[in-house]
Amino acid sequence: MIPELGQLALTFALAFSIILAIVPLMGSFTANERALLVAKPLAMGMFVFTLLAFCALSWAFYHDDFTVLNVANNSSSVLPWYFKLTAVWGSHEGSMLMWVMILAAWTALVGQYSKGLPLLMQGRILGVMGLINIGFIAFSLFMSNPFERTLPFFPVEGSDLNPLLQDYGMIIHPPLLYMGYVGFAVSFAFAIAALIGGKFDSTWARWARPWTLAAWLFLTLGIMLGSWWAYKELGWGGWWFWDPVENASFMPWLVGTALIHSLAVTEKRGTFKSWTVLLALGAFSLSLLGAFLVRSGVLVSVHSFAADPERGVFLLIFLLIVIGGSLLLYASRMHSVRSQARYEIFSREVMLWGNNVFLLTATLVVLLGTLFPLVHKELGLGSISIGEPFFNQMFYYLNIPFALLLGLGPWVRWKQQKAAPLLKPMALIAVFSLILALGTMAATQTVAANLALLGLLLGAWVGVSAIMEVYQRLQQFGSITQGVAKLQASHYGMTIAHIGFAVMIVGIAMTLTYSEERDVRMEIGDRVVLAGYEFELQDVYKLNGPNYGGEAAEIDVRRVDGRYVTHLHAEKREYTIQRMVMTEAAIHARLSRDLYVSLGEALPGNAWAIRVYVKPFVRWIWLGGLLMSLGALIALLDKRYRRKTTTGGAAYA
Amino acid sequence: MRKTLFYVPLVLFLGLSLFLLSGLFSDPRERDAVMVGKPLPAFSLPDLMNPEQVWSPETLKGEAFLLNVWGIWCPTCNAELGYMSQLRNEQGVRIIGLYYVLPEDPMFGEVFDLAKLQVDVQSRLQAFGDPYQFNILDRQRRLSMDLGVSGAPEHFIVDAKGIVRAHHIGDINPQVWRAKLAPIYQQWAGKP
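Set out below in structure tokens:
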């Protein structure tokens, strides 16, 4: 009964989305105020019904209702209750429902927090959101119904959740990621609404900015969490794999980053308009492309759901309508828009233009690397694969000029900047970063000219520059204490995010250069020494979990001089229903290094294969991501996004 | 000029979607065999039933054949034995088995026992049909490795000179045989 109610709720949501897509949009062309006013309640209604549908599915999962096909395939009665609930989004159908629910939630949020927007804009934005909702709700309802029943012959036990997904990181990784992907739908809707209206000024950019920042914030957190989960759960200490689906999440992130910067120019200076609109369309288009790649089965990836060409065709048609339609609108409207503002070659505008060029080049690299094998094969040239070396090398070369630019950019003024006043602070930053980089190198490793030194130099350059820029900015307010309160939140946000980037570069470079690993055969009592740490296998015993068996190893870690460091507990779980073996790596994390042990196969003679890693600075990678998200959060809190606009509202037509 | 520039993103996207569309209808897991057009890798392996007989690429030459990588542990391989027997009996296709031995796990006290394997294979072939002229025993799985085998069953069409002409991953059923393999086999076997 409850699953049927869920399906009914989803059907109602579809009805709401159809009305939302038609009525306010029509109203915006006929200047019918009442038609525009229904957008908000319709958006709210649509959200409520998708939420009900989602709750109905969660209920079925919680109560082990194996008459629902999706529950039978992705859950089991022995699963702990919290994993039963996360199993809701462990499958294609369930995750699609969650996607729909989050999309409706964003729509409702836009409805609630757009009081400052002119009614006309409001109606158009919500109408476009409604259009996108139609596509996804219909996809969920007709192509991948999560409420399908197994009746009359239902299984008494489910086939369990994929063990890879039975992890705390997995509980929030997909929701955060989807919040990010779908959040870009808001920027997209803003851009379409502006294209329809044909007017792009700085107020438009100011409205779009907080929504873009919020989506980007969630996407950043989602990607970081996914990376951390892979590191912890896949048992071989990697944190980024250039897997097609990771790339699919990375592309909207890169374009979203470019969009945030481009929006700044449009808001502050009223230029880069066509560029900004294209990026807003691009970020969501790439999210859609990602959804297509994951759910259609055109690429092979650990993330893909079961391939089904029919679903793929539906999504592709949807892509053609949404992306193709928006790009057509863009082409037909945008060519007449011109920016008046003037700026010199050495100016903030050009710096941010450079930022966009690098970010888009990076996007292109990822896009080509991901899709080239497909294109190559479809052209009949045979199958090829593009892997880590290609991406790593490209990003290595892209990162150096990007980081150098990033250290300089925030110092440069709008319109025009004279070079002379910047020479002194830049030289100072360069000297500081040299000392900092060499100092860190000497303190943690030996000083050598390698990737790590380059990473430290670039990281220090970006970090020191960001901190000194804030310091100099604060001084301009008269006194530092006065300045701290006066400086805009978005400026702090920018600085923190830039420091986050610096931290991440350092983490990546140090981990890549100085990680040490070893595969050893160990009996109880055996010791192995790696990078100054001595690992001693103390005990291995049988595990007895709710839905898994397996083995656990107890390992003591000491410094070579005998100082006790920590005790590690690594597991190798065998999930009984799905017959899958999973490693639960034991990790001792410090800012300066991770100790990482994973338990492998049992070997003849009462011994086990054990893999030991020492990974310096690996935490910095995720710390950098967290700082970037924190920066976005602080920028979101900037007062100027909540100031009401009173002028220019009625002028939109 | 400026106006056309704004259509570039649209054109690029439409071009991309063409590839996505065709990608939908092809299997991403399908790989072109690197072996096609190359001679069989060097090997010298015993016959499964008669280990004194040693097979090498030289001894297989003279007539085109279908090399079938299989094992009794593989249900799909068992399932296709019937149809392949039919191919042998009705169309005279020369089929040679490459028997893939699973690695033994000493943890569970598994040891390689040729006599037992011969009995098991014999009874399986009696039950499902015997398409093979003979079986080559790939005990160390080295030849399978050299051929780029990723699972069982897999099939190679090898011509009379010992050159690999086709590589098919997966089972042979009437549809696959007629559409994909028969034309190649007939071309190189010189049979109608």
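Chains A and B, in that order, are what the protein sequence lines are. Going by full-length UniProt numbering, the first residue of the first sequence is number 1, and it counts up by one from there. Going by full-length UniProt numbering, the first residue of the second sequence is number 1, and it counts up by one from there. Just so it is clear, CB atoms sit at the ideal spot from N, CA and C, and this is done for glycine as well. On a predicted model such as this, the values are computed, not experimentally measured, just so you know.
- In this structure G6/A is not in contact with D64/A, their Cβ atoms being roughly 16 Å apart against a cut-off of 8 Å.
- Within a 10 Å sphere around the beta-carbon of S44/B sit fewer than 16 other beta-carbons, which makes this residue exposed.
- Between Y397/A and S515/A the beta-carbon gap is near 22 Å, outside 8 Å, which marks them as no contact.
- The alpha-carbon of N133/A is positioned some 21 Å away from that of L119/A.
- Three or more beta-carbon pairs drawn from the stretch 582-595 of chain A and the stretch 223-241 of chain A are found closer than 8 Å, and the two stretches are therefore classed as touching.
- Put simply, the stretch 278-295 of chain A touches the stretch 173-186 of chain A. At least three CB pairs are less than 8 Å apart.
- Judged by DSSP in its simplified three-state form, A609/A adopts strand.
- Taking the beta carbon of M334/A as reference, the chain B residues within 8 Å of it are F6, listed in sequence order.
- By the rule that beta-carbons nearer than 9 Å mark a contact, R2/B touches chain A.
- Minimum Cα-Cα distance from L151/A among the listed residues T67/A, R338/A, V313/A and V565/A corresponds to T67/A.
- Put simply, the stretch 597-606 of chain A does not touch the stretch 626-636 of chain A. Fewer than three CB pairs are less than 8 Å apart.
- Distances from the alpha-carbon of V565/A to those of P546/A, R573/A, A589/A and T576/A put A589/A closest.
- Below the 7 Å Cβ cutoff, chain B contributes F6, Y7 and L10 as neighbours of A331/A, in chain order.
- Nearest Cα to S85/B within the set I172/B, K180/B, I157/B and P103/B: I172/B.
- Within the stretch 374-394 of chain A, those residues whose Cβ lies closer than 9 Å to any Cβ of chain B are, in chain order, L374, V375, K377, E378, L379, G382 and S383.
- Counting along the chain, the unbroken alpha helix (DSSP H) around N73/A starts and ends at L69 to N74.
- Between the beta-carbon of L281/A and that of S262/A there is about 12 Å, and that puts the pair past the 8 Å contact cut.
- With contact defined as three or more Cβ pairs closer than 8 Å, the stretch 52-71 of chain B and the stretch 156-166 of chain B are in contact.
- Neighbours of S150/B across chain A, judged by C-beta separation under 7 Å, do not exist; the nearest C-beta is about 13 Å away.
- With contact defined as three or more Cβ pairs closer than 8 Å, the stretch 438-453 of chain A and the stretch 365-385 of chain A are not in contact.
- Think of a sphere of 9 Å around the beta carbon of P252/A: no beta carbon from chain B falls inside it, the nearest being about 15 Å out.
- Against chain B, the CB of V412/A has no partner CB under 9 Å away; the residue lies outside that interface.
- Judged by DSSP in its simplified three-state form, V164/B adopts strand.
- Ranked by how close their Cα comes to the Cα of I467/A, the residues W411/A, W353/A and D519/A have W411/A in first place.
- The beta carbon of Q488/A sits closer than 7 Å to those of D638, all from its chain and outside the five residues before and after it, given in chain order.
- The beta-carbon separation of F501/A and V462/A, rounded to 6 Å, stays under the 8 Å limit for a contact.
- For S22/B, the chain A residues whose C-beta falls within less than 7 Å of its own C-beta are E378, listed in chain order.
- At the C-beta level, R88/B and P131/B come within 9 Å of one another.
- Counting along the chain, no alpha helix (DSSP H) covers H335/A, and no H or E run does either.
- Taking C-alpha positions only, A291/A is separated from A182/B by approximately 39 Å.
- The stretch 465-503 of chain A is shown to contain whole alpha helix (DSSP H) runs of 4 or more residues at 480-486, in chain order.
- Here T257/A carries a helix assignment [DSSP, helix/strand/coil].
- Membership of Y62/A in the alpha helix (DSSP H) is indicated by the continuous run A39 to Y62.
- The Cβ atoms of M49/B and V101/B do not sit closer than 9 Å to each other.
- Around the beta carbon of T511/A, 16 or more other beta carbons lie within 10 angstroms, which makes this residue buried.
- Under the 9 Å criterion on CB atoms, L16/B is classed as interfacial with respect to chain A.
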